Each structure stands twice: as C-alpha cells, then as structure tokens.
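Asker: This is the structure I want to talk about, given as structure tokens.
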C-alpha cells in the first residue's frame, strides 16, 4: 500500500474535520448502504513460528517452520536469510537475536523484533513474532441528501482524515463512492466496487492501491468500533491484573487516587459519539502512583499484549538511550562533539565542530531541518520521501547549517534520529542490540518492534512499537531518577538534567526529548514533563504527585484531539482525583 504511507507523511500537519453525528440522520438515496461497514485486509503474510538454533563448532544453524538455514558471518553478527525475513544473531555465551521482517506494505517500514532465547541441551530456542501487516477500514454512511455524513475510520493510522467523502451510490450492484483527498479541489469517483450480497461489497480504492471487502457491522453486537465494545459499556473500577512484567499493582484508593475520577474518565470515553471522523479515539490509558500500576483500560479492541505505535513519543526513549549507554560505560557525554564521535570532517562549515550530542537531544542543532516546514530539506517527510540517499544519517550530516548550534530549538526528527548514529559509533554496536541488552531487558519488556531506516539502522525519530505497560516504564524510570526495580539504568541526576527547560518551542519548553507543561491542581498547579507523539501517544509524569500516566490513541494527524487527551482527559479526570500526600 505505497500511497497509504505517502498519505501518512502528511500527518505532522494534518487536522481532522468534524462532521455531523450519525444518530438521528435521514436516509441516504439508497437506504441499503446506510450504516457502518467493516473491512480488514492482511496485506502480506508474515513469517513466524518456533525457532531452534544449534551450534556445531563454529557453525550455527537455525530452523523455523520446517526450514533450516546455516548462519553466515556478517561483521559483528551472524545472519540467517530465510525467505520470509532475516534472523540476526550476536554474542555466544548469551546471544542476542533480532528478526528483521521485510518491508510492511501498510507503512513501507521494516521492523526488527527481538527474539528472546532460552538455552536447550544442544543450543537455543525462541519464538519469532513479527508485526502483522494488516489494514482495517470502517466506512460510515449516514446523513441525508443535503448534508451527507460519510467517512472512513482506520485504527492503524487514521487514514480517513485525508479523505473528504460526499456520496455513496448504487446502480444495481455497481457502487460509486464520491469524494476527494483533502488537498484536492474537485470531487470524483474516489472508489468503485460491486455489491456481492445484501450485506457485503468490494470497493477498489486507488488512493490506497488496494481493494477491500466490506461487510455490514451489526451495531447491536460487540465491536471494536465502539470504545468499550458496545454503545453503552458499563464500567466500575477494578485494580489492574498482575503480570510478570515488573509492575507491582495496587488499588487506586490505596495510593490516594479517588476511583470515582477514574470511573468518570471511562464513562466519558465510552460516551464519545462515533458518528464523525473528528471523534477522539483513545486506545489505552494507564495510571501509576508511587511506582504501582493502579489503572489500566484499553479501548477500540486494544489490549495489554498488543504493541502500539508510539510515534514521536519514542523520541524521549531515543534521548534516554544516551543516558542508558553512559551508565553502561560508553565514553559518551551530552557535551561531546557529534562530528568528532562520528569521525566526520568539519571543513564544510565551521559550525559543525560546535554541534554536540545535547544539541541533538534538545533539537537545537542549527541544521536546515524543520518538520513544520516542508521547504526545509531536513523535514522528516522530505527526508523519508527522497530515494537518492537511503542512509538517513548521511542525509542529515549533509544538511547545511542555517543558525549556530544552540541558538534556537526547531522541531527536527532527523536530528533526534542522528542519535542512533552517535550510539553506534560510540559503542561499535548495532543499536537494536544496545536497546535490547541495556534498556528493554532491564526494564522487563515483552515483545516490541523497532522500526529501521532503509539502510537497516534503528530509526530514532519515532515509531517504536511497545505495549502500553512497557512503554510506561520509561516514565517511571525518570521519576525514580534512573532506577527500575532496584536496578540503576540511568546515571544519577540524568532525569533532572533531561527535564530541564532548555529551549522554548511550540509554546512549551523542551528538554532532552521531553516537553514541559503545568496542570491546574487544587488552588495552584503542578509541573509535569511528557513525551508526545502524533495521534495521542504520551507518557505524562508529575513528579510532585509521584504520578505516571500512559496514553495511546489513534488520532494520527489530528493534533486537536491530542491536546484533548493531554489536557482534558488527564487534566480534568486523573490529576484532580489524586490526593496530595
């Protein structure tokens, strides 16, 4: 689905429209088309299954799904090239393994997934669990002739905000969906198809380069279309379930949080009208206080074991990895010269000698890179759309300087991404191996997926996929001054340094990949720092209340709803429910 990912690249500046609700609408010209239709397509098969590895002398063999491959040394690791992907192995006493799946059609991205290994009598065993390559569409048809209400909803990337649909008509069994893409002027037949039965049809959508088979959704039956599975889902507070992931759980009241506030939050989410593309789509909200998980709710079919796209929220993880590797012994400091670490000449522009790791972490590099300005060559969409330079680190280093490093902070994903090159050069190790050994394993992560650049490096500009319970640990780690369950992962004082207000940006202040914000509380306010990602991905940390709030949502490209999640849901329901100790 190549065009779909091109649409997604507009998400940094996308604003969703608000349309009239579905309930109480008049009938469309063809009454048989009114309602909610559902399509789910697996775009490409994924290679998965039990892994068995054996070593005979210096030769490794790996077997998955009945296929055995002999390992090939490739620099610092061994690779096993299966037809459905590549297994990469490093180390020997306690090996690290990653599965590199082919580029997903859903977003034209390659992912590396860790494969935890268990020793056997003659080698190691594990399980390959790649990220599924799938795409879901709801087509909502309502309104009337004068004011039609027709839109797509797409849980994976909110692709519907890029479509302006105006009519859905049938002539016998032939179907025509009329509309336009958001940046186009005139409507046209944006999809055509054929009715296959009274309750199903196929639509070919050229903008997505894919045909979808839709079936009618019975709104009287449980469905992921609704936040709680049904239009009215009753809820009463219960403490989260204990899992083997390092999180102690507790009752909210036992840590000074009024359960009534949490119940009010869930009731507000369940009552969200689902009849417009501008609705808020929370996927997960979790709350921890005093290091204990006390609230965990999932919506629209999400669950505790499903890794979620964190988008730019994982920029905060990227900057944190600098501290993680400092604690692990890497010869690396925020004040170090980026060009010196990378062994790059500084003759092109003398300002390159002044560029430090801290400048990258605070987005104050001075490079010609602004994600809010498509005319800058370092803009994330521009960099990812070009095909001349697949090495995005090289692409970024070749950008010109438009201001002195440290003069001003400008939102620049390419600069944050350059931190992965810094880590690779400072340690001589492929960055996903560093992440797994020094961050994910100490923090007791389950399955997660790291997105890679076209050259096979870890992309640090955003997009790590992790479960809500796991990614939330990043916030708890910061509140604990770098300690998770009695294990020090970050240097003493890193959290305070990372959340200092270094630069104003976008009407807020920015630290090492963390945004700073104040929330009203009692008769004053409390200060917070948070990681923010497109669609509503946030880890919000309130040190004064010893509080961590994790949010995942599906409002990609819709920054109005991101603010609603951050300010209204968290500020209106959660923080007021917390009693001061």
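Residue numbers (the numbering used here): 764 to 1344. Quick reminder that beta carbons are idealized off the backbone N, C-alpha and C, glycines included. Note that the structure is predicted; figures quoted are calculated from it, not measured.
#1: Quick check on the burial criterion: 16 or more other C-beta atoms within 10 angstroms. Buried or exposed for residue 1326?
#2: Enumerate in chain order the residues of its own chain whose CB-to-CB distance from residue 774 is below 6 Å, with the five nearest sequence positions on each side excluded.
#3: With residue 1346 and residue 1300 assumed to form a contact (beta carbons below 8 Å), what rounded beta-carbon distance in angstroms separates them?
#4: Along the chain, where does the beta strand (DSSP E) that runs through residue 875 open and close?
#5: Please go through the segment 1218 to 1304 and give each complete alpha helix (DSSP H) segment of 4 or more residues, from N-terminal end onward.
#6: Hey, residue 1024 and residue 1340: beta-carbon distance below 9 Å or not?
#7: May I ask you to report which of helix, strand or coil DSSP gives residue 786?
#8: Could you spell out where the alpha helix (DSSP H) holding residue 1082 opens and where it closes?
#9: Please return the same chain residues whose Cβ sits closer than 8 Å to the Cβ of residue 895, not counting the five positions on each side in sequence.
#10: Can you list, in chain order, the stretches of the beta strand (DSSP E) that have 3 or more residues and sit fully within the segment 921 to 963?
#11: Grab the span of the beta strand (DSSP E) containing residue 887 for me, first residue to last.
#12: Under DSSP, the beta strand (DSSP E) around residue 826 begins and ends at which residues?
#13: Pick out whichever of 1123, 1202 and 911 has its Cα sitting closest to the Cα of residue 1251.
#14: According to DSSP, which residues form a beta bridge with residue 704?
#15: What does residue 1023 pair with, by DSSP beta-bridge criteria?
#16: Can you grab the Cα-Cα spacing for the pair residue 784 / residue 932, in whole Å?
#17: Going by C-alpha distance, which of 1062, 796, 1234 and 1060 is nearest residue 1212?
#18: Nearest-angstrom Cα distance between residue 1238 and residue 1276?
#19: Please determine if the segment 1255 to 1265 and the segment 1061 to 1069 are in contact, where contact requires at least 3 C-beta pairs separated by less than 8 Å.
#20: Quick check on the DSSP output: the beta strand (DSSP E) that includes residue 1045 runs from which residue to which?
#21: What residues in its chain sit with their C-beta under 7 Å from that of residue 1032, if we drop five residues either side in the sequence?
#22: Leaving out five residues before and five after residue 849 in sequence, what residues of the same chain have Cβ atoms less than 8 Å from its Cβ?
#23: Could you check the C-alpha separation between residue 767 and residue 1056 for me, to the nearest Å?
#24: In the DSSP output, what is residue 860 paired with across the bridge?
#25: Hey, quick one: how far does the alpha helix (DSSP H) through residue 1000 stretch, first residue to last?
#26: Who does residue 812 pair with in a DSSP beta bridge?
#27: How do the segment 1127 to 1137 and the segment 1175 to 1183 stand: do at least 3 beta-carbon pairs fall below 8 Å, yes or no?
#28: Determine the closest residue to residue 881 out of 904, 868 and 813, with distance taken between C-alpha atoms.
#29: Is DSSP giving residue 869 helix, strand or coil here?
#30: Return the chain-ordered ranges of every alpha helix (DSSP H) run that is complete within the segment 1162 to 1196 and spans a minimum of 4 residues.
#31: By the DSSP assignment, the beta strand (DSSP E) with residue 1126 in it spans what residues?
#32: Could you tell me whether the Cβ atoms of residue 1059 and residue 1231 are closer together than 9 Å?
Answerer: Checking against the coordinates, here is how it stands:
#1: exposed
#2: Below a pLDDT of 50, predicted positions are generally treated as unreliable, and residue 774, at 35, falls in that range; no measurement from the model is reported.
#3: The structure shown does not extend to residue 1346, since the chain is modelled only from 764 through 1344, so no value can be given for it.
#4: 873 to 877
#5: 1231 to 1234, 1236 to 1242 and 1257 to 1261
#6: yes
#7: A caution first: residue 786 carries a pLDDT of 31, below 50, which makes its placement in the model too unreliable to give a value.
#8: 1078 to 1090
#9: 805 and 809
#10: Counting whole runs of 3 or more residues, the segment 921 to 963 contains the beta strand (DSSP E) stretches 926 to 934, 937 to 944 and 951 to 960.
#11: 886 to 891
#12: Where residue 826 is concerned, the enclosing beta strand (DSSP E) stretches over 822 to 827.
#13: 1202
#14: Since the first residue of the chain shown is 764 and the last is 1344, residue 704 is not available in this structure.
#15: Bridge partners of residue 1023: none, in fact.
#16: Note that residue 784 has pLDDT 31, beneath the 50 cutoff, so the model's placement of it is unreliable and the number below is only indicative. Their backbone Cα atoms lie some 20 Å apart in a straight line.
#17: It is 1234.
#18: Inter-residue distance for residue 1238 and residue 1276 is about 12 Å (C-alpha atoms, whole angstroms).
#19: Short answer: they don't touch.
#20: 1045 to 1052
#21: 990, 1045 and 1062
#22: Within its own chain, the residues whose Cβ lies closer than 8 Å to the Cβ of residue 849, once the five positions on either side in sequence are excluded, are 842, 843, 862 and 863, listed in chain order.
#23: Note that residue 767 has pLDDT 47, beneath the 50 cutoff, so the model's placement of it is unreliable and the number below is only indicative. Approximately 37 Å, taken between the alpha carbons.
#24: Per DSSP, 852.
#25: Segment: none, residue 1000 is in no alpha helix (DSSP H) and carries neither H nor E.
#26: Answer by DSSP bridge pairing, in chain order: 891.
#27: yes
#28: Ranking the options by Cα distance to residue 881, first place goes to 813.
#29: coil
#30: Within the segment 1162 to 1196, the runs of alpha helix (DSSP H) at least 4 residues long that lie entirely inside it are, in chain order, 1176 to 1190.
#31: Looking at the DSSP string, residue 1126 is not in any beta strand (DSSP E), and its letter there is neither H nor E.
#32: yes
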